[in-house]
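Below you'll find the structure, written out as structure tokens, and then a few comments.
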Amino acid sequence: MSADSAIIVTEGLGKTFGSIEALSGIDLAVEPGTIVAPLGPNGAGKTTVVRILTTLLKPTTGKAWVAGFDVVTQAAQLRGVIGLAGQYAAVDEILTGMENLEMVGRLYGLRAGLARRRADEILELFDLTDAAHRMVKTYSGGMRRRLDLGGSLVGRPRVLFLDEPTTGLDLRARLGLWDFIDKLVDEGTTLLLTTQYLEEADHLADAIEVIDRGEIIASGTSQELKQLIGGDVLDFQVAVRSEVGAAAEAVKNIGTEAPTIDEESGRVRLPVANPVGVITEAVRSLDRQQIKLRDLAITRPTLDDVFLTLTGKEIEREDDTAQLGTSLTEGRRT
Ligand SMILES: Nc1ncnc2c1ncn2[C@@H]1O[C@H](COP(=O)(O)OP(=O)(O)OP(=O)(O)O)[C@@H](O)[C@H]1O
Ligand SMILES: [Mg+2]
């Protein structure tokens with residue numbers, strides 16, 4: 024990836040709050056039309072990155088550009104090409120859903136008619152049409168989240184920042200948003216999406232930046248990150264335990280490393296590079312030696328395994344209900 028064509032670039036981005044070092048030297052280069060997912064536990068620095076890139080916070084050290092605009096010296100131009108939905112819904116309680124979106128449209132400089140049309144489309148898209156003319160203070164937490172997400176799209180941004188967009192959404196809304204994100208990115212939007220959900224990063228992101236304590240500790244596609252901790256493994260159990268050695272011998276050429284044998288259980292584990300065709304090949308070799316199997320599978324590491332290996336910590340997630348409670352109070356403040 025070259026920084027020349029990248030639409031989001033950061034160089035040695037650092038941020039301290041008093042004695043707290045929230046970010047210590049973040050380097051990013053995100054290609055247009057892709058999804059990048061900073062992934063990390065609570066307090067890793069994800070929101071701080073988003074706030075700097077959306078001009079809400081100034082970096083202490085380093086530089087950053089979005090769509091070619093410097094986050095510090097060209098903040099106003101930069102704001103014109105981005106959309107943001109924060110970790111906590113920022114919607115006006117005493118306006119209706121429709122009025123909230125129209126207001127955002129006017130802030131983007133849209134004519135009244137166009138702002139209204141966009142608001143209509145977005146309310147429809149996020150399943151809020153029936154509630155369009157109700158004051159937001161009557162909305163549920165999930166509805167506020169959806170309205171806030173909708174607001175980030177009114178200006179048809181080239182670069183969209185979503186900070187934990189699915190936290191507090193139920194499964195149906197979450198899957199709906201995933202579909203919608205796929206469509207947006209197909210149309211050329213670049214998306215930076217922070218998440219604590221490994222399966223979300225796995226499903227959506229072209230590139231994942233694993234971030235822990237203000238530092239990027241690994242980057243790559245989910246496939247690359249999984250390879251980092253060993254990749255796919257062929258795992259099988261022989262029916263007759265005394266044949267385990269012969270079985271390992273029969274498959275050893277398929278693997279990238281020597282097989283490991285568990286004599287006790289009759290299990291063989293073999294790291295493999297490319298899982299396609301491995302099962303057939305293994306079964307054929309074992310059959311040729313007339314070795315009978317109890318089971319056989321390819322096991323693949325999950326991103327959870329990756330995170331655990333890299334940081335020694337499991338991803339901690341805030342309980343969704345607790346998160347909703349927070350978003351309500353924060354929403355009122357903003
Ligand atoms: N305004 C602030 N004043 C002081 N410390 C802050 C401030 N904002 C963030 N921090 C600290 O900076 C660090 C990174 O916080 P940040 O909110 O970026 O993490 P995060 O990855 O978004 O976490 P979460 O998953 O909980 O949202 C934390 O230690 C946090 O306490
Ligand atoms: Mg955050």
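Numbering (the numbering used here), first residue to last: 24 to 357.
By construction, the Cβ of each residue, glycine as well, lies at the ideal position given by its N, Cα and C atoms.
Source: prediction; values computed, not measured.
May I have a chain-ordered list of the alpha helix (DSSP H) segments no shorter than 4 residues that lie completely inside the segment 250-280? Look at the segment 250-280 and you find these whole runs of alpha helix (DSSP H), each 4 residues long or longer: 267-274.
Please go through the same chain and pick out, in chain order, the residues whose beta-carbon is closer than 7 Å to the beta-carbon of I117, but skip the five residues on each side of it. Answer for I117: M158 and K160, listed in chain order.
Would you call the CB atoms of V53 and I75 closer than 7 Å? In this structure, I75 does not lie closer than 7 Å to V53 by Cβ.
If you draw a straight line from the alpha carbon of L207 to that of L130, how long is it in whole angstroms? Straight-line Cα distance between these residues: approximately 22 Å.
If you count every other CB in all the chains shown that lies within 10 Å of the CB of I43, and 16 or more means buried, which is it? Burial call: exposed.
Buried or exposed for D225, please, with buried defined as at least 16 other CB atoms from any protein chain shown within 10 angstroms of its CB. Looking at its Cβ environment, which holds 16 or more other Cβ atoms inside 10 Å, D225 is buried.
Note the first and the last residue of the continuous beta strand (DSSP E) segment covering S175. Looking at the DSSP string, S175 is not in any beta strand (DSSP E), and its letter there is neither H nor E.
Is any non-hydrogen atom of ligand 1 found closer than 6 Å to the C-beta of N65, if you look at the structure I gave you? Because some heavy atom of ligand 1 lies under 6 Å away, the Cβ of N65 counts as near it: yes.
DSSP three-state call for D50: helix, strand or coil? Secondary structure of D50 (DSSP, three-state): strand.
Considering only residues of the segment 173-233, which uninterrupted beta strand (DSSP E) runs meet the minimum length of 3 residues and lie entirely inside it, listed in chain order? DSSP runs (the beta strand (DSSP E)) wholly in the segment 173-233: 182-186 and 213-217.
Assuming D27 is part of the beta strand (DSSP E), what are its boundary residues? Element bounds for D27: n/a, residue is neither H nor E.
Whose C-alpha, out of A45, S47 and I58, is nearest the C-alpha of I204? Comparing Cα positions, the closest option is I58.
For S245, name the three-state secondary structure that DSSP assigns. When DSSP states are grouped into helix, strand and coil, S245 belongs to the helix group.
Tell me which residue opens and which closes the alpha helix (DSSP H) that T303 is part of. DSSP places T303 inside the alpha helix (DSSP H), whose first and last residues are V301 to R311.
Sub-7 Å separation of L215 and F259 beta-carbons: Not closer than 7 Å, so no.
Can you tell me whether DSSP reads I117 as helix, strand or coil? If DSSP states are grouped into helix, strand and coil, I117 belongs with coil.
If you follow the alpha helix (DSSP H) that L107 is in, where does it begin and where does it stop? It is not in any alpha helix (DSSP H) - L107 instead sits in the beta strand (DSSP E) that spans I105 to A108.
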